[in-house]
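Some notes on the structure that comes next.
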Amino acid sequence: GDSVTQMEGPVTLSEEAFLTINCTYTATGYPSLFWYVQYPGEGLQLLLKATKADDKGSNKGFEATYRKETTSFHLEKGSVQVSDSAVYFCALGGNTGFQKLVFGTGTRLLVSP
Amino acid sequence: NAGVTQTPKFQVLKTGQSMTLQCAQDMNHNSMYWYRQDPGMGLRLIYYSASEGTTDKGEVPNGYNVSRLNKREFSLRLESAAPSQTSVYFCASSGLHSQETQYFGPGTRLLVL
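Protein sequence lines, in the order shown, are assigned to chains A and B. Quick note on this note's numbering: the first sequence kicks off at 8 and runs consecutively. Quick note on this note's numbering: the second sequence kicks off at 19 and runs consecutively.
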């Protein structure tokens, strides 16, 4: 079945460092790909998404490119802030009709001043 | 727009007690979901309702029941709570198409003693 694999955390960085969180997937067909973020004590919220190969999703300085050849959707940010400390989830969905989302296990990011 | 609301925010139960978690959305979404979140396990889907009038089991349905009361409301019932059901429960909703974003509620923290 479909699955998502994320790098283990926590990822610990200093403010203004470069961030990469790896995400790879296994799926049939052409899924949509998502990054969700969960701030402490809150529910998940969409950070960005891409619905077809080579698409780049971006939001709040974060970017991820849908790479079908490597089945990857790595999350990047050029300069992290303390306020980016959160748990980040990679997820995949279908591209037609209704299909449940499949989530990765999440990666905790800790940014220190 | 309140988005997705959940009640209660926090609940303590004794083993064997029952309770219902309430969820409502005001975005006119067709699909609704119940997840549980446990440390190191990410999000696991308990039940979902692709559209009003339908419900289906997710990854971890045992010990739970759901009711899609109308398009807005989707409740989760624990008939006889067990300590293994101690978790944080999230409700989410989305449009019918799998490319669409899921919107999450703030969560219910449940402790079963």
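Ideal Cβ positions, reconstructed from N, Cα and C, are used throughout, including at glycine. Quick caveat: nothing in here was measured; it's all calculated off a predicted structure.
Gly76 (chain B) vs Tyr65 (chain B) beta-carbon contact at 8 Å: Here residue 76 (chain B) refers to the residue found at position 58 when the second sequence is read from its first residue. Here residue 65 (chain B) refers to the residue found at position 47 when the second sequence is read from its first residue. Their beta carbons are under 8 Å apart, which means Gly76 (chain B) touches Tyr65 (chain B) by this criterion.
Reference Leu31 (chain B), options B:Gln103, B:Tyr82 and B:Ser49, closest by Cα: Locating residue 31 (chain B) in the second sequence gives position 13, where the first residue counts as 1. Of the candidates B:Gln103, B:Tyr82 and B:Ser49, the one whose C-alpha sits nearest the C-alpha of Leu31 (chain B) is B:Gln103.
For Gln13 (chain A) versus Gly85 (chain A), is the C-beta spacing smaller than 8 Å? Stepping through the first sequence from its first residue, residue 13 (chain A) is reached at position 6. Stepping through the first sequence from its first residue, residue 85 (chain A) is reached at position 78. In this structure, Gly85 (chain A) does not lie closer than 8 Å to Gln13 (chain A) by Cβ.
Helix, strand or coil at Gln103 (chain B) [DSSP, three-state]: As a working mapping, residue 103 (chain B) is identified with position 85 in the second sequence. The answer is helix: DSSP assigns Gln103 (chain B) an H, G or I state.
Identify each residue in the region 114-125 of chain B for which the Cβ-Cβ distance to at least one residue of chain A is less than 9 Å, and report them in chain order. Leu114, His115, Ser116, Gln117, Glu118, Thr119, Gln120, Tyr121, Phe122, Gly123, Pro124 and Gly125
Rounded to the nearest angstrom, what separates Pro101 (chain B) and Leu117 (chain A) at their Cα positions? Position 83 of the second sequence holds residue 101 (chain B). Position 110 of the first sequence holds residue 117 (chain A). So the two alpha carbons sit approximately 30 Å from each other.
When Cβ atoms are compared, which residues of the region 30-63 of chain A fall closer than 9 Å to chain B? Pro38, Ser39, Phe41, Tyr43, Gln45, Gly48, Glu49, Gly50, Leu51, Gln52, Leu53, Lys56 and Thr58
Can you list, in chain order, the residues of its chain with a C-beta nearer than 8 Å to that of Gly21 (chain B)? Leave out the 5 residues immediately preceding and following it. Within the second sequence, numbered from 1, the residue matching residue 21 (chain B) stands at position 3. Result list for Gly21 (chain B): Gln43, Asp44, Met45, Tyr121 and Gly123, in chain order.
Own chain, CB closer than 8 Å to Leu51 (chain A), minus 5 neighbours either side, in chain order: Within the first sequence, the letter at position 44 stands for residue 51 (chain A). Tyr43, Val44, Gln45 and Phe96.
With distance defined between alpha-carbon atoms, name the residue in A:Glu15, A:Leu55 and A:Val89 nearest to Glu23 (chain A). To locate residue 23 (chain A), count along the first sequence from 1; it is residue 16. The option with the nearest alpha carbon to Glu23 (chain A) is A:Val89.
Measure the CB-CB distance between Gly125 (chain B) and Gln24 (chain B) and report whether it falls below 8 Å. Position 107 of the second sequence, counted from the first residue, corresponds to residue 125 (chain B). Position 6 of the second sequence, counted from the first residue, corresponds to residue 24 (chain B). It is a contact, given that the beta carbons lie within the stated cut-off.
Closer than 7 Å at the beta carbon, the chain A residues around Leu94 (chain B): For the purposes of this step, residue 94 (chain B) is taken as residue 76 along the second sequence, with counting starting at 1. Near Leu94 (chain B) there are no residues of chain A at all, since even the closest Cβ is about 15 Å away, more than 7 Å.
Proximal residues to Thr27 (chain A) (C-beta, below 8 Å), its chain only, five neighbours per side dropped: For the purposes of this step, residue 27 (chain A) is taken as residue 20 along the first sequence, with counting starting at 1. Around Thr27 (chain A): His81, Leu82 and Glu83.
For chain B, find out if any of its Cβ atoms is closer than 8 Å to the Cβ of Gly8 (chain A); answer yes or no. For the purposes of this step, residue 8 (chain A) is taken as residue 1 along the first sequence, with counting starting at 1. Closer than 8 Å: no.
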